[in-house]
Amino acid sequence: MSARPLAPFLISFALLALLLASPGAAQTETPAVAAPRGVADEVRARLLALVSRDLVDHFNVEGDLQLDPLRPWALPAVTGAAAQTTDGWTVSLVEFPGQLASSMLFRIRITSPAGTTLDETLTCRAQLWRDAWVVRTPFERGAMFDPSSCDLRRIDALRERDVISTSLVRTHEWTFLRPVPAGRLVTWRDVSRRALVRKGSVIEVAAVDGPLQITLKAVAMQDGGQGETVRVRNIESKREFAALVVAENRAQVRF
Numbered sequence: 030m031s032a033r034p035l036a037p038f039l040i041s042f043a044l045l046a047l048l049l050a051s052p053g054a055a056q057t058e059t060p061a062v063a064a065p066r067g068v069a070d071e072v073r074a075r076l077l078a079l080v081s082r083d084l085v086d087h088f089n090v091e092g093d094l095q096l097d098p099l100r101p102w103a104l105p106a107v108t109g110a111a112a113q114t115t116d117g118w119t120v121s122l123v124e125f126p127g128q129l130a131s132s133m134l135f136r137i138r139i140t141s142p143a144g145t146t147l148d149e150t151l152t153c154r155a156q157l158w159r160d161a162w163v164v165r166t167p168f169e170r171g172a173m174f175d176p177s178s179c180d181l182r183r184i185d186a187l188r189e190r191d192v193i194s195t196s197l198v199r200t201h202e203w204t205f206l207r208p209v210p211a212g213r214l215v216t217w218r219d220v221s222r223r224a225l226v227r228k229g230s231v232i233e234v235a236a237v238d239g240p241l242q243i244t245l246k247a248v249a250m251q252d253g254g255q256g257e258t259v260r261v262r263n264i265e266s267k268r269e270f271a272a273l274v275v276a277e278n279r280a281q282v283r284f
């Protein structure tokens, strides 16, 4: 048999062998795809809830923080079953905003169940919902703050920044600086701590140094509530110094 007719056959056989030996011919990689719309929407909602929780913890505020992105944002592309699940997705804040505000810009890192990551910069409209007091029975100037005379109203604390939250404890320590009519939210401008020490009154000041304690009489130079620092004047030496209000007509200095 002539060698010439065999040449094309041998060349074809060698090419076929090379193709069969190629890794790409034996195994085809599954292309990464975007998660279906329904799955992606649920994943985004879950991730936003996690971001809200992290922001609340970071800024140490109380309330329900709602985030509304102002533009669409992407998720990492995934393969196989990971494209069909809402489980296993995580998010972390890479850059926090300077403060909580009605409009915020921050950066997040999203990790898919397959381990792929994507950094996104989000611009969000934000609302911080919590309960506040609205006056039912009008308060007069000097009246004690009584929550039983108020109703509750849900407010956005990022817009109503001066409104007092119902998380305020020891409301009995606060009095009204001015009249507040019915139907109005109670704000920090309306109240001050009830003065336990009055300007011009003679009070007892305890000077404490470890186990030692000396008491003296002094004149209060200003009003002060529980836990506030006021200027007082020693009756005998006429020397002025700062003291911490601890009770009715009593203050304390620690060394």
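For the sequence shown, the numbering used here begins at 30 and goes up steadily by one. Glycine is no exception: its CB is placed at the ideal position from the N, C-alpha and C atoms. These figures come from a predicted structure and were not determined experimentally.
The alpha-carbon separation between residue 233 and residue 87 amounts to approximately 42 Å. The three-state secondary structure of residue 163, taken from DSSP, is strand.
Across the structure, residue 90 and residue 235 are spaced so that their CA atoms are roughly 36 Å apart. By alpha-carbon distance to residue 158, the top candidate from 230, 206, 93, 97 is 93. Beta-carbon to beta-carbon, residue 277 and residue 225 are separated by about 5 Å, close enough to satisfy the 8 Å threshold. Distances from the alpha-carbon of residue 165 to those of 182, 272, 201, 149 put 182 closest. According to DSSP, residue pairing for residue 177 in a beta bridge does not occur. Take the alpha-carbon of residue 243 and the one of residue 133: they are about 53 Å apart. Residue 176 places its beta carbon 8 Å or farther from that of residue 204. Between residue 129 and residue 161, the C-beta spacing is not below 8 Å.
Only residues of its own chain outside the window of five on either side were considered, and among them 249, 252 have a CB closer than 7 Å to the CB of residue 227, listed in chain order. Between residue 192 and residue 186, the alpha-carbon positions lie close to 7 Å from each other.
Residue 229 and residue 261 have their C-alpha atoms some 9 Å from each other. Of all alpha-carbon atoms in 280, 218, 213, the one lying nearest the alpha-carbon of residue 231 is that of 280. Under a 10 Å Cβ-count criterion, residue 208 is classified as exposed, with fewer than 16 other Cβ atoms of the shown protein chains found around its own Cβ.
Inter-residue distance for residue 80 and residue 215 is about 30 Å (C-alpha atoms, whole angstroms).
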